[in-house]
Amino acid sequence: MATVLKFASFILLLLLLNGAESSPSNLQHHVSLARCLAGCAAKYTPDRTVERTLLSGEKVLERNESDTDFQLCSLGCEMPVFGAPFAGIHIGKDLYRTAKELAIKDLPPVINSIDAVCIEAQDESTTLLLGLDLTDKDINEPFICSIDVWAESLSLSGPVLVDRGYTLKTRFSLKYKFDAHHSYQFRAACYSFDGKLGQEVGSEWYRDDQLSADRAPLNIILEHQEKVNGQVSITLGWSKTISSLPWCKQKIYLTSNDTVDWEVSLDESKKIALNNLNFGTTYLVKSSPVTSSDNDVHGMKFTTKTCQAFSNSSYCSPLGVEALYHFIDIASDRIIIAWQYPALENVEEMAFFIVVRTADLVIHQELVKGSERTAVVNLNGRRGEYEVEVVAVDSKNRRSPPNVTKFHHPGSNRKDWILTALSLIVCLIILIILILSFTLARKLRNGEAQTEHSLESGSHIHQQPSPPAIYFSTPLNGGHRNTLPKSCFRNENREAISEIASISSISEPMKTSASMDIDERYFIFPIVSTPSISENGFKTSYLPDGEKITVPRIGTYL
């Protein structure tokens, strides 16, 4: 029977500490109840024995609200007229009467602010997490804080107290159904058994739509990073959106070479600590509500500091490589790099970062892991001075001092040979074109000189006077005159002239005047050459009036 009563008392106390409404109008009862609960905490939970770790990594010590005697005492404070065979309830009743009779004192404040942290919406109600920021988290005197919910709307005459709860912790989980078209404010006041710890502190006013869960990712920023246990620990800060509160249960994704994800419940610290990160490594962190299946959201990239940025001690420098060798393979145009490393217990966790440079230009980078101690680098036809750097990297991304070796690659550059050959071919073609152009120009100049000389000779010949034309008349059908150049009377044409003369004897005598008048009865034949005479020596022609005439074939008729 006692067990049943104790169980019932536990249930009643849970309702009390998680939002069971008291008499808001009775301020005296409220203050007396708060001081009574603080008295129960001082009697049954004098020391803070429960450790809670926030997402920020901070550890807070809290009093045990689940202690049986404390719960029975609290039940006596809440129901002072209730009678039961439990000593704790009687003690609570006595504490309530004492607190009611004692005058209230104004004590130094212990609370700075109260703020809504996150939310989880259900069908019938909403669970809202409220966080308290205390001025002195190490205060030894037990105290309890009351959380009041105030509402206002157009239908209300002013702010109205609609709910109240109590907590021994710096956070309070409020389960309430927020009405539409209402605004809400949360107020906190803390009490010890002796009196009130400072003034009441209120939050901002929230509209009902702001008290709905936001499925968007958190706004994350990098706040702090430090070296802890040989690795990097960072602190991420997050903020809520203007429109609504974030979902309390979030899934965090952390990506570097691999992606790791885990679930967290946001708390009043509004921070998230990530531990055991490597030095000098770039990460991507993002979040999404656990109720959301879409994790393809934009995150925040950050790079952890190198070990040397935290400390210059030898811890940040693992042993470097030993006996660095290189072998030049001229035929294959490559270099083989080999090294040794001291035998260590965790040597398999070591990696080696190789960098090859020439003329301050990085031509090759490679990370060799495991037991491999060689690397092959293709030089891609480059020749000249080279520098090889090998750095040992451990599993925490700590880097050893570099081991550097230099060498000269004497091999021929295939690409240079090709470029040189092409250059020679181009130069040869240009030279041939120049030679041909010079030769052609010289020939053209010689040809012009010969042409000028020929023209001078020809002009001298052409300047000789041409023989005057000699005309003769032939009585052909009314008398037409034929004209013969004087050249026709050269020796080789004398026989033809004799024949013409015999023909002309039947007409007027031959006239030799070059300026004689031309009678319209005569047809003039200018003879420009002396062709061979045909078999009969005559040519048949027709006059404009159609009359047929026959003349000797002497020269060419125009």
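For reference, each letter of the sequence shown is one residue, going -22 to -1, 1 to 536 in mature numbering (1 follows the signal peptide of the UniProt record, and there is no 0). Here a beta-carbon is modelled for each residue, glycine too, at the ideal position from N, C-alpha and C. What you are looking at is a predicted structure, and each value in this text was computed from that prediction instead of being measured.
For residue i, does the count of other Cβ atoms within 10 angstroms reach 16, so buried, or fall short, so exposed?
i: F64; result: buried
i: D307; result: exposed
i: Q228; result: buried
i: T281; result: exposed
i: R376; result: buried
i: D114; result: exposed
i: F14; result: Residue 14 is actually Cys in this sequence, not Phe. The residue is buried, with at least 16 neighbouring Cβ atoms inside 10 Å.
i: I230; result: buried
i: S349; result: exposed
i: I315; result: buried
i: R420; result: exposed
i: I332; result: buried
i: P267; result: buried
i: S378; result: buried
i: F416; result: exposed
i: G136; result: exposed
i: H342; result: buried
i: S222; result: buried
i: A19; result: buried
Near residue i, which residues of its chain fall below 6 Å by C-beta distance, leaving aside the five closest residues on each side in sequence?
i: N253; result: S211
i: I67; result: L50, L53, G54
i: V346; result: F330, A353
i: L11; result: C55
i: G17; result: L73, F171
i: S3; result: Note on S3: pLDDT 47, under 50, position unreliable in the model; the coordinate value appears next. Correct list: empty, nothing qualifies.
i: K78; result: S10
i: A309; result: none
i: R165; result: D126, E178, G180
Quick one: what's residue i bridged to in DSSP?
i: Q203; result: I212
i: K264; result: Y231
i: E40; result: V28
i: C168; result: C123, L175
i: K249; result: G215
i: N424; result: According to DSSP, which records beta bridges pairwise, N424 is partnered with nothing at all.
i: W225; result: I97
i: Q163; result: W128
i: S52; result: Its beta-bridge partners do not exist; DSSP assigns none.
i: W240; result: I230
Using a Cβ-Cβ cutoff of less than 7 Å, which residues in the same chain neighbour residue i once the five nearest sequence positions on both sides are dropped?
i: Q286; result: C294
i: L196; result: W216, P224, Q228, S265
i: C226; result: C96, I97, E98, L107, S243, L244
i: V88; result: L112, T113, D114, I117, F121, C168, L175, G176
i: T27; result: N42
i: I82; result: V9, G173, K174
Considering only residues of the same chain and omitting the five flanking positions on each side of residue i, which have a CB-CB separation below 8 Å?
i: H304; result: I313, I314, I315, A316, V366, T383, F385
i: E102; result: K155
i: T219; result: D192, A194, N197
i: S131; result: D157, H159, H160, S161
i: L232; result: V238, D239, L252, Y261, L262, V263
i: E300; result: W317, Q318, Y319, P320, N381
i: E241; result: K227, Q228, K229, I230, V268
i: K374; result: G208, Q209, N256, F257, C285
Runs of beta strand (DSSP E) wholly within the stretch 89 to 136 (minimum 3 residues, chain order): 89 to 99, 104 to 112, 122 to 130
Inter-stretch contact at 8 Å, needing at least 3 Cβ pairs: the stretch 201 to 208 / the stretch 143 to 160: no
Given 8 Å, three or more beta-carbon pairs between the stretch 24 to 42 and the stretch 123 to 143: no
Touch test, the stretch 88 to 95 against the stretch 242 to 262, Cβ-Cβ under 8 Å, three pairs minimum: yes
Ranges of the beta strand (DSSP E) found wholly within the stretch 339 to 421, counting only runs of at least 3: 339 to 347, 352 to 356, 362 to 371, 381 to 387
Three CB pairs or more closer than 8 Å across the stretch 97 to 106 and the stretch 187 to 202: yes
The stretch 123 to 139 in contact with the stretch 166 to 183 per 3-pair CB rule at 8 Å: yes
Alpha helix (DSSP H) runs contained entirely in the stretch 272 to 298, provided each spans 4 or more residues: 285 to 288
Contiguous beta strand (DSSP E) assignments of at least 3 residues, all confined to the stretch 299 to 335: 300 to 307, 312 to 318
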